[in-house]
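Take a look at the structure set out below.
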Amino acid sequence: MITVTIDEKTIQVSEGTTVLKAAKMAGVEIPTLCDHPYLTPYGGCRLCLVEVQGARTLQPACTLPVSNNMVVHTSTEKVKSARKFVLTLIFSERNHFCPFCQLSGGDCELQNAAYKEDMTHWQLQPNWTPYPVDASHPYFILDNNRCILCRRCVRACGELVGNFTLGLEERGALSMLIADLGSTPLGESSCVSCGSCVQVCPTGAIIERHSAYKGHDTQVQKTSTLCIGCSIGCGIVIDSRDNQLVRINGDWEAAVNGGVLCKVGRFYQMDEKRKRVTSPMVRKEGALKQATWDEALSYIVEHFKPLAGKSNNGIAAIASTRLPAEALFAFKKLFVEHLKSDMVTTLEEGMATLAAAKLAEKTGKSFEGNLNALDGADCILVAGADLTQDHEVAGFFIKRAQPHGTKLILVDSGTNGLDLAADVTLKAGSGSLQDTLKRLASPDNHSELSGAVELLAGAQKPVFLYGSGVNEGDLEALLRLAESYNGKVIGLKGGANSLYASQLRLEKPFKLNGHQAAYVALGDDFLAQNIEDQLKDVPFLVVQTAYQTELAEHADVILPVEMWAEVSGHYLNLEGKLQEAHPSLTAPKGVNSNLLTLETLGAALGYDLKGDWKTELTARTPAVAVAA
Amino acid sequence: MGKPKIASDWLAGCAGCHMSLLDIDERIIKIAELADLRATPITDLKEPDEDGVAVGILEGGVNNSANEEVAHRMRSRCSLLVALGDCAVFGGVPAMRNMFTLEESLRRAYVETESTDSEGKIPDDPELAVPQKVRALHEVVPVDIFVPGCPPDPDVIYYVLSELAQGRKPEIIGDKLHWH
Chain A
1 MITVTIDEKT
11 IQVSEGTTVL
21 KAAKMAGVEI
31 PTLCDHPYLT
41 PYGGCRLCLV
51 EVQGARTLQP
61 ACTLPVSNNM
71 VVHTSTEKVK
81 SARKFVLTLI
91 FSERNHFCPF
101 CQLSGGDCEL
111 QNAAYKEDMT
121 HWQLQPNWTP
131 YPVDASHPYF
141 ILDNNRCILC
151 RRCVRACGEL
161 VGNFTLGLEE
171 RGALSMLIAD
181 LGSTPLGESS
191 CVSCGSCVQV
201 CPTGAIIERH
211 SAYKGHDTQV
221 QKTSTLCIGC
231 SIGCGIVIDS
241 RDNQLVRING
251 DWEAAVNGGV
261 LCKVGRFYQM
271 DEKRKRVTSP
281 MVRKEGALKQ
291 ATWDEALSYI
301 VEHFKPLAGK
311 SNNGIAAIAS
321 TRLPAEALFA
331 FKKLFVEHLK
341 SDMVTTLEEG
351 MATLAAAKLA
361 EKTGKSFEGN
371 LNALDGADCI
381 LVAGADLTQD
391 HEVAGFFIKR
401 AQPHGTKLIL
411 VDSGTNGLDL
421 AADVTLKAGS
431 GSLQDTLKRL
441 ASPDNHSELS
451 GAVELLAGAQ
461 KPVFLYGSGV
471 NEGDLEALLR
481 LAESYNGKVI
491 GLKGGANSLY
501 ASQLRLEKPF
511 KLNGHQAAYV
521 ALGDDFLAQN
531 IEDQLKDVPF
541 LVVQTAYQTE
551 LAEHADVILP
561 VEMWAEVSGH
571 YLNLEGKLQE
581 AHPSLTAPKG
591 VNSNLLTLET
601 LGAALGYDLK
611 GDWKTELTAR
621 TPAVAVAA
Chain B
1001 MGKPKIASDW
1011 LAGCAGCHMS
1021 LLDIDERIIK
1031 IAELADLRAT
1041 PITDLKEPDE
1051 DGVAVGILEG
1061 GVNNSANEEV
1071 AHRMRSRCSL
1081 LVALGDCAVF
1091 GGVPAMRNMF
1101 TLEESLRRAY
1111 VETESTDSEG
1121 KIPDDPELAV
1131 PQKVRALHEV
1141 VPVDIFVPGC
1151 PPDPDVIYYV
1161 LSELAQGRKP
1171 EIIGDKLHWH
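Just so you know, the sequences run in chain order A and B.
Here the working numbering is used: the first residue of the first sequence is 1, the next is one more, and so on.
Here the working numbering is used: the first residue of the second sequence is 1001, the next is one more, and so on.
The structure is reproduced here in structure tokens:
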């Protein structure tokens, strides 16, 4: 520990602490622009200049490490006038006229900084050079006129996402934020639309199309919750206003993702085009007609009652893994325990969980670990997963580790979005993944594998990550391989509640067989074509859905339910971490929660669906230890 | 000693700052009690008194030779000059045209507008003021008090006027400081 005095306050800090961080600890606020708490200090804007006793010139607090007995002054006249001058220079560089900027009025860190220094005007006027605006991207606009060259976006793109799309070309006043090598419009670049650059931009240089002019930070309601786009369960902060979504940001505090999101979490969910269902519908004389909940439920009861207790020619039921645990629990209770159907599953059909669930049950051991192992790994083997297609944030964790020396080995059969990023790609070709994995574990005489073997052998902390392309045999081979290299294993699973559905044993392939009725708890999910095709011919079809769906053509009853932002309930992520979703929007009148819909249907049929859904979390040995 | 005289005028602005001034509503009576409101764009008297006023207020940036003249006249006849609103303080919305050449903006305004039916014409009457690059007021004449805002809030304008009417210099800081 070393001693530092900042504005007469003396504190002890550990060696290597920057003056900026030390000041924060001492309760002294130093203004910053290019600095961001989740990015490497850069020292570009100079707004954080402070006076260090004995130093010839003012020093940037964000990059200067504290030395023992250092004495720092942060609000002397010299410092204050330097700050004003720094801001004056920034304002003079480009177009920073506030009246026509969407961030003006509280959201702009540059404007706020000027207010803090009591700047009523600019000492120097701008030089009136127009800079390029790149509006080629579907989700955000890059306006170089508003850019202060702080490079937060460049650092976020590289450090947090490992994508390195954004960069700067030229020097001095000509410095320009660019995508890839410069002549590429952002919309046609290597950008993966994660939007991290939008989240960190301090000015109006990168603005989101969807949220523009919809409300400032102070005008929106903030809800910390989780993304239910996949089983990672990233922490998000939803901004909403007047029951409308304004924007989604990654939650910096979330242990799972630490602020990073993918396009699904940040943009796709904001871009919903489907129409809502707001009233129950019942088929009368061949056409779906609006009905009350009571009418709809009694119509279902009329058709379900005769089929109750019939295991193979009764009611088939299928649910989305985007439903909260509470609803999935009630779903299982109704259709398995009470109605005794032999075909109760999820839209995932266990494809992403079954292999692991069987193995965990067979060995009686949980064998998977957490995603944060990726950040410390020195070699990562990915089997049967394309992390550019889904679970993209896990792919970001890998890509951002690579510049630090982490090696990537891909084992799969088709093309993979990470092929070019990988150090070694092993394509199984006509053989199965397990052949390749087994040969990796006993590598004698397989020269084509020597590259991968060398990387694994040299690794101290290898991680083996697998996706739904891995079957039970492959997984066994992968586990043996991981064991032989003393590595950690991570299973990606599928949807938001994939793991909980697996714990409920809702993971068989959907076959209508002889069932006379079907119940689809779709929530706000999409239906796979093969399942839709089977449901077309069922004599009686009930769909519980938030949005109008193709199934409506065949449905006899439609029950309107909540969409993701309205849902409250629990989700078990791929790490076995139980997280709670909080609603940011209120559902329209006439729309019920997924849980309530199932419970009232159960009650109408004479069944009580209440029970402790938490007991099912560990009712069978999970593939990953559940932390509830 | 009589009441301090206040005069105002507008340059390249939208009159919005003067509208915001009128939005101080009945408080204008209080100002009239404290000060002598002289020439303004919304009173009959159009030019500040030749023997001078205590406070001159200008809205808008300077975008042609006529604005320049008005700015110089006001400066020469007032003791304290107030730049009212973003256009006077920074150049504001009219200054967007500085990103283009004068020729380009004149063509866009008089020839290429959607409502120009046949062939447009850039006005060239020698009696017209000569357009210039848009400048903030302080680039043309020294300014004593800057009141930014697009427009400044009526409460801020009232504060500025009442302070000036009572011989004090207003401080535009904290909640009173807005650039939008």
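C-beta: ideal position from N, C-alpha, C; glycine also.
Neighbour-count burial assignment, residue i, 16 or more Cβ in a 10 Å radius
i: B:Asp1025; result: exposed
i: A:Arg171; result: exposed
i: B:Tyr1110; result: exposed
i: B:His1178; result: buried
i: B:Leu1022; result: exposed
i: A:Asp107; result: buried
i: A:Asn243; result: exposed
i: A:Ala352; result: buried
i: A:Pro37; result: exposed
i: B:Asp1122; result: Here residue 1122 of chain B is Ile; the residue named in the question, Asp, does not match the sequence. Under this definition B:Ile1122 is an exposed residue.
i: B:Glu1033; result: exposed
Residues of its chain near residue i, where Cβ-Cβ distance is below 8 Å and the 5 sequence neighbours each way are ignored
i: A:Leu288; result: Met281, Val282, Ala552, Ala555, Ile558
i: A:Thr388; result: Val192, Gly395, Asn416, Gly417, Leu418
i: B:Asn1064; result: Ala1012, Ala1129, Val1130, Pro1131, Gln1132
i: A:Val133; result: Ile141, Leu142, Asp143, Asn144, Asn145
i: A:Gly195; result: Tyr139, Phe140, Glu208, Leu261, Lys263, Arg266, Phe267
Three-state secondary structure assigned by DSSP to residue i
i: B:Gly1091; result: coil
i: A:Tyr38; result: coil
i: A:Arg146; result: helix
i: A:Tyr139; result: coil
i: A:Glu368; result: strand
i: B:Cys1014; result: coil
i: A:Gly265; result: helix
i: A:Leu605; result: coil
i: A:Lys461; result: coil
i: A:Met70; result: strand
i: A:Ala394; result: helix
i: A:Ile232; result: coil
i: B:Ile1029; result: helix
i: A:Tyr466; result: strand
i: B:Gly1056; result: strand
i: A:Leu323; result: coil
Residues near residue i by beta carbon distance below 6 Å, same chain, minus five either side
i: A:Glu93; result: none
i: A:Gly229; result: Val264, Gly265
i: A:Met70; result: Val4
i: B:Lys1046; result: Ala1039
i: A:Ser175; result: Leu149, Leu168
i: B:Pro1148; result: Asp1086, Val1089, Trp1179
i: A:Phe510; result: Ile318, Thr345, Glu349, Ile531
i: A:Leu124; result: Thr88, Ser92
i: B:Ile1145; result: Val1082
i: A:Met214; result: A quick correction: the sequence has Lys, not Met, at residue 214 of chain A. Cβ within range, chain order: Val246.
Beta-carbon contacts of residue i that lie in its chain and below 7 Å, excluding the five residues immediately before and after
i: A:Arg688; result: Residue 688 of chain A is absent from the model: chain A starts at 1 and stops at 628.
i: A:Leu522; result: Ser320, Val543, Gln544, Thr545, Thr549
i: A:Asn471; result: Ala355
i: A:Arg400; result: Glu159, Leu160, Val161, Gly162
i: A:Gly16; result: Pro65
i: A:Trp564; result: Ile228, Gln269, Arg322, Asp524
Interface flag, residue i vs chain D, CB-CB below 8 Å
i: A:Cys147; result: The chain inventory of the structure shown lacks chain D, comprising the protein chains A and B.
Inside the segment 192–228 of chain A only - alpha helix (DSSP H) runs reaching at least 4 residues: 196–200
Residues in the segment 1144–1160 of chain B having any Cβ partner in chain A nearer than 7 Å: Phe1146, Pro1148, Cys1150
Chain A contacts made by the segment 1011–1026 of chain B, where a contact means CB separation under 7 Å: none
Let me know the beta strand (DSSP E) ranges lying completely inside the segment 1072–1122 of chain B, each 3 residues or longer, listed in chain order. 1078–1084
Output, in sequence order along the chain, the residues in the segment 102–136 of chain A whose CB is closer than 7 Å to any CB in chain B. Flagged, chain order: Ser104, Gly105, Gln111, Tyr115, Asp118, Thr120, His121, Trp122, Gln125, Trp128, Pro130.
Against chain A: residues of the segment 1129–1144 of chain B by CB proximity under 7 Å: Ala1136, His1138, Glu1139
Contact residues within the segment 1054–1067 of chain B, judged by C-beta distance below 7 Å to chain A: none
For a minimum of 3 consecutive residues, which ranges assigned as the beta strand (DSSP E) are wholly contained in the segment 506–564 of chain A? 517–523, 540–545, 557–560
Please list, in chain order, the residues of the segment 28–47 of chain A that have any C-beta partner in chain B closer than 7 Å. none
Below 7 Å between beta carbons is the criterion; list the residues of the segment 148–179 of chain A that meet it against any residue of chain B, in chain order. none
Identify each residue in the segment 329–346 of chain A for which the Cβ-Cβ distance to at least one residue of chain B is less than 9 Å, and report them in chain order. none
Where in the segment 329–376 of chain A do unbroken runs of the alpha helix (DSSP H), each at least 4 residues long, occur, reported from the N-terminal end onward? 354–363, 373–376
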